[in-house]
Amino acid sequence: MKTQGKVTGIISNLVVVEVDGPVAQNEICYINLAGTKLMAEVIKVIGKLAYVQVFESTRGLRVGTPVEFQGHMLEVTLGPGLLSKNYDGLQHDLAKMKGIFLQRGDYTDALDFDSEWDFTPLVEPGTQVVAADWLGEVPENWVKHKIMVPFTFTDKYTVKSIVPAGKYKVSDTIAVLVDSKGEEHKVTMYQKWPVKKAITAYKEKPRPFKILETGVRVIDTLNPIAEGGTGFIPGPFGCGKTVLQHALAKQANADMIIMAACGERANEVVEIFTEFPHLDDPRTGRKLMERTTIICNTSNMPVAAREASVYTAMTIGEYYRSMGLKVLLLADSTSRWAQALREMSNRLEELPGPDAFPMDLSAVIANFYARAGFVYLNNGNTGSVTFIGTVSPAGGNLKEPVTESTKKAARCFYALSQQRADSKRYPAIDPMDSYSKYLEYPEIQEYLNKNISEKWVSLVMKSKNIIQRGREAYEQINILGDDGVPLDYHDRYWKAEIIDFVVLQQDAFDKIDCNTPLNRQRYMLEKVMQICDTNFHFDGFEQCSSYYKRIINALKQMNYSEFQSEEFYNYEKELETILNERRVQ
Amino acid sequence: METKAFQRIYTQLTGITKATVSLRAQGVANEELAMVHGRLAQVVKIMGDMVTLQVFSGTEGIPTNAEVVFFGEPPKLKVSDDLAGRFFDAYGRPMFGDSEIEGEPREIGGPSVNPLRRKQPSELIATGIAGIDLNNTLVTGQKIPFFADPDQPFNQVMAMVALRAQADKIILGGMGLSNDDFLFFKNVFENAGALDRIISFVNTTEQPPVERLLVPDMALTAAEYFAVEKKEKVLVLLTDMTLYADALSIVSNRMDQIPSKDSMPGSLYSDLAKIYEKAVQFPDGGSITIIAVTTLSGGDITHAIPDNTGYITEGQLFLRTDSDTGKVIVDPFRSLSRLKQLVIGKKTREDHPQVMNAAVRLYADAANAKTKLENGFDLTEYDERALKFARDYSEKLLAIDVNVEVDTMLNTAWQLFAKYFSKTEVAIKNELVEKYWPAN
Ligand SMILES: Nc1ncnc2c1ncn2[C@@H]1O[C@H](COP(=O)(O)OP(=O)(O)OP(=O)(O)O)[C@@H](O)[C@H]1O
Ligand SMILES: [Mg+2]
């Protein structure tokens, strides 16, 4: 028997329900508003009163409206067909909804229960299995989608029977498992999982030891992110968080991309809907949309579902990780999720923490980031969820609760600087403030030196040092004036500018420059560092600046040309000629 | 909103604050409208049989035995082609003693568009102002505010943009508009012979601030009617959103909510986003474009209102008086149209993106030179040229009184490049330089 209740209070989307039976924290219920079901989640219980946050507008709701509790928490449905879908924050398929406007209670299925999938069994009857073990697979776009023992199965099982290869619907039984007590369990191609709980059906979660190539130079070269690592991008509005995340979604070397558009602009999601079906995945040559799933809870969609959306996205990521895939999860913006928490905590009249955010904000954020990671599955395969979130600090000030809490949880920090954005030095990642903790991991250093070039890490450190010294020189020039400092200061400043213009800056809207593979990053960094190691002769600082501008121009033209094309080498020759003009032997 | 027979009437208030009243009542629906002592009010909270109503025009003089009549429905606007050419107050009632309009009543503040049913904006809005068209190109379906100090001519610029924008309908949502500004809009639209394309919902400074909260939703409900049903290109002007946000904070403070930054409600982001996200391009040609005004205090954009706005809108336009030329310009550094990528170099000439960037970069060099000068340092020969360029650029392109086609703007920019700089200094892709660098 499901617990029933009646509405007794309404404050915006916080509704108080008097219940006639047991309810659980985070349990889902439906408020039956004249035939329209409004989904809600229990967030507090006092005696017979359950406080629920409604994932919809509560306009027109009255005291006395009946409520039915579901006996489970907010769940997602996991199975073949998730790829390429566009969901709302609660995993309702946007494509199946009727009409132009989102209607309350138009809850559509996450999967297509009518379509058939080409199933191939991977186990024989008699095999011993546990949760997340692969029973079979179906082709989904280009992924071999594994049908697994449901994550909720906590016992050890023996496969009693499994269907032969053939076409099946997601709800068809494909295997029967017997547990240790001899009880039988039917397994279909889909399962459900509560989003707030991490899926931990794997053998081991080691420290990340590989890097995830993104094609973005200031990330890969200067502050690489690990496969299975975590990072975040804080920045004032308009500094390029979304453009950077879209670049990552397009180029990153991942098997699957999940984008959680969390409380941001609808037009930005439309951009993905429009472009991704046509853009090629640089690695597989297939269309980008084939490896992308979008969880879309834009700023005008119900606020409570915003919080759910990042969990929905993470759970889908963990599901694909269990199939041995490399998943990149992007969330824009995690601040909106924190704000949703704040709005609710406010309505619950909880004691507020800093900036009126809930007291446990840090813990909530840390918990979420901890779900990312590189894992060894039970069968020895590996999988990963790399997570990069954006943060939108109020007033652009990084000393605010969401940024500070996230900084404790994430290992890479890509701080966007207003100043760099203002001077159109995109991506506006501040080279001095930003960091990747992974660059300090010995296993990552070893990986980089082995896979890129022998002295790679020390070359990167050296380039960072040049940027630092260039900045110091620049400050001195500003204080003392162009001719108030030795010529050497100008030289240092301009050498740092080369790195800035050629390595750090990257045009996200240029077909070629937008994506730089690692071998090209290596080529260009080595080239630039050679120039930085060269002594040039100048008679005065004006000569110095105009000369370096020519060098930068030639290098930038190289960046805009197809790698190692004739055009590319022509600019390189031009560069050599320029370098020879003033090189001191 | 005449009284109907079945309406429930109460006569005993149990609490009164500056913006709200509460009473015991039964069967009340969340967000439904009521008349409290002859004033419109809306249900904002229900706890058991205790109902709290927000009274839009304030509670001064409301007695505890005031009559409260519930209407059983949320605020609505009657929509039809009849709306065109008319002026309404914040409640959607005709002004100037005009007759009621005929039409289908629609709930205001309705649901949002399914993002999958949107189309990517791609149609350029030409304004003739180079500071906009060249550097910060606007696109239909975009939402963008002017960030301006109160003394700047933002309403004038907005009216100019609206009239040149070739919109099928222009909907003015005036919040805390001074009577002079209201009359200014009315005159400009009248003089342009555009009145039949214009619909206005206005709350002036003389009217109660909380009423303003209805204005954007009224304006956007009318906009949705024309954009969805008539497939028209609708331009919505919202001025001044700062006063709208102030009204939000008045209400939330009265409701004892814990304020967040700058005494604004914690939900400010969501509240503003609900409005701005009504901007949309539909696949069948209809669109809603929102141009708003957010006045700043002392130019501070880190204040919660402009800050949250910046996080929601697709860019912002800054007006500034250029001390060198004495003209009001669209500031190229701080202004940004995020959607310009969708049209520049695609709907406009191929050299547009690079010319735009190069000009702004050179203008930045001039700004640096100016700082040097102010700090008493010597200028280089390059600095001198950059400064001269900046003056011309400001006068011929950035000033808001420029009114030319985009191609002319691009040609002008190339001429200025050639006049003051070498090709390497301009640093534009070679193929474009070869094609567009002026011969002489
Ligand atoms: N790499 C880039 N190359 C060129 N232009 C860029 C780049 N990154 C950002 N921009 C410019 O900056 C604008 C704003 O970028 P974006 O939308 O990513 O900002 P944001 O940080 O996500 O802002 P918000 O917090 O408001 O969402 C873009 O529309 C574009 O004009
Ligand atoms: Mg963004």
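Taken in order, these protein sequences are the chains called A and B. Okay, so the first sequence: first residue is 27 according to the numbering used here, each after it adds one. Okay, so the second sequence: first residue is 686 according to the numbering used here, each after it adds one. Glycine included, each C-beta is placed from N, C-alpha and C at the ideal position. Here the structure is a predicted model, which means the values were calculated and not measured.
Residue i: which of the options sits nearest, CA to CA?
i: I557/A; options: T603/A, S418/A, V164/A; result: T603/A
i: T744/B; options: I701/B, V1111/B, V887/B; result: I701/B
i: A1103/B; options: A1124/B, V1087/B, Y910/B, I694/B; result: A1124/B
i: H1037/B; options: L1095/B, A964/B, E896/B; result: L1095/B
i: P893/B; options: D774/B, N1042/B, L1101/B, T1097/B; result: D774/B
i: R446/A; options: A499/A, N407/A, Q531/A; result: Q531/A
i: P48/A; options: L64/A, V411/A, M65/A, M27/A; result: M27/A
i: G794/B; options: R849/B, P759/B, E785/B, D783/B; result: P759/B
Check whether the Cβ of residue i lies closer than 7 Å to any Cβ atom in chain B.
i: V390/A; result: no
i: I524/A; result: no
i: S141/A; result: no
i: F400/A; result: no
i: N606/A; result: no
i: N326/A; result: yes
i: R576/A; result: yes
i: M1/A; result: Residue numbering for chain A in the displayed model covers 27 to 611; residue 1/A lies beyond these limits and cannot be assessed.
i: F258/A; result: no
i: R609/A; result: no
i: E369/A; result: yes
i: F263/A; result: yes
Counting only the same chain and skipping the five closest in sequence on each side, list residues whose C-beta sits under 6 Å from that of residue i.
i: V842/B; result: I1085
i: P968/B; result: K804
i: T318/A; result: I283, F302
i: L1072/B; result: A1051, A1054
i: Y910/B; result: V764
i: E687/B; result: Any reading at E687/B must be qualified, since the residue scores a pLDDT of 47, below 50, and its modelled position is unreliable; the value itself is stated next. Nothing meets the Cβ criterion.
i: A157/A; result: V175, F177, F179, A227
i: R373/A; result: I37, L40
i: Y345/A; result: L104
Within its chain, find whatever has a CB closer than 7 Å to the CB of residue i; leave out the 5 residues flanking it on each side and keep chain order.
i: D181/A; result: D205, S206
i: L544/A; result: E239, D246, I478
i: V511/A; result: Q502, I503
i: A932/B; result: P894, V895, R897, L898
i: S187/A; result: P151, A201, V202
Output yes if chain A places a C-beta closer than 7 Å to the C-beta of residue i; else output no.
i: Y996/B; result: yes
i: E896/B; result: no
i: D992/B; result: yes
i: I855/B; result: no
i: L762/B; result: no
i: G970/B; result: no
i: P830/B; result: no
i: S682/B; result: Look at the range of chain B in this structure, 686 to 1125, and you will see that residue 682/B is not part of it.
i: E1069/B; result: no
i: T987/B; result: yes
Quick one: what's got a C-beta closer than 8 Å to residue i's C-beta in the same chain, skipping five residues either side?
i: M732/B; result: none
i: Q697/B; result: L708, R709, T749, N750
i: E787/B; result: K763, S765, D767
Can you tell me which residues form a DSSP beta bridge with residue i?
i: T737/B; result: S707/B, K730/B
i: I284/A; result: T319/A, L355/A
i: H171/A; result: V164/A
i: K915/B; result: Partner(s): none; K915/B has no beta bridge.
At a CB-CB cut-off below 7 Å, which residues of chain E make contact with residue i?
i: N715/B; result: Among the protein chains of the structure shown, namely A and B, there is no chain E.
Check whether the stretch 856–874 of chain B touches the stretch 320–332 of chain A, counting contact only when three or more Cβ pairs, one atom from each stretch, lie closer than 8 Å. no
Are the stretch 368–387 of chain A and the stretch 219–238 of chain A in contact at 8 Å, needing three or more beta carbon pairs? Below 8 Å, too few C-beta pairs join the stretch 368–387 of chain A and the stretch 219–238 of chain A to call them touching: fewer than three.
Would you check if the stretch 369–380 of chain A and the stretch 297–312 of chain A touch, i.e. whether three or more CB-CB distances between them fall below 8 Å? no
Spell out a yes or no on whether the stretch 206–223 of chain A and the stretch 401–421 of chain A are touching, meaning 3 or more CB-CB pairs, one atom from each, closer than 8 Å. Taking one beta carbon from each stretch, the stretch 206–223 of chain A and the stretch 401–421 of chain A have fewer than 3 pairs nearer than 8 Å; the two do not touch.
Three or more C-beta pairs under 8 Å: does that hold for the stretch 275–295 of chain A against the stretch 445–459 of chain A? Segments in contact, no.
Do three or more CB pairs link the stretch 821–840 of chain B to the stretch 790–810 of chain B at distances below 8 Å? yes
Is the stretch 251–264 of chain A touching the stretch 546–564 of chain A, taking contact as three or more C-beta pairs under 8 Å? By the Cβ criterion, the stretch 251–264 of chain A is not in contact with the stretch 546–564 of chain A, since fewer than three pairs of Cβ atoms, one from each stretch, lie closer than 8 Å.
Stretch pair the stretch 56–66 of chain A + the stretch 82–102 of chain A: three plus CB contacts closer than 8 Å: Taking 8 Å as the limit for Cβ pairs, the verdict is that the stretch 82–102 of chain A does touch the stretch 56–66 of chain A.
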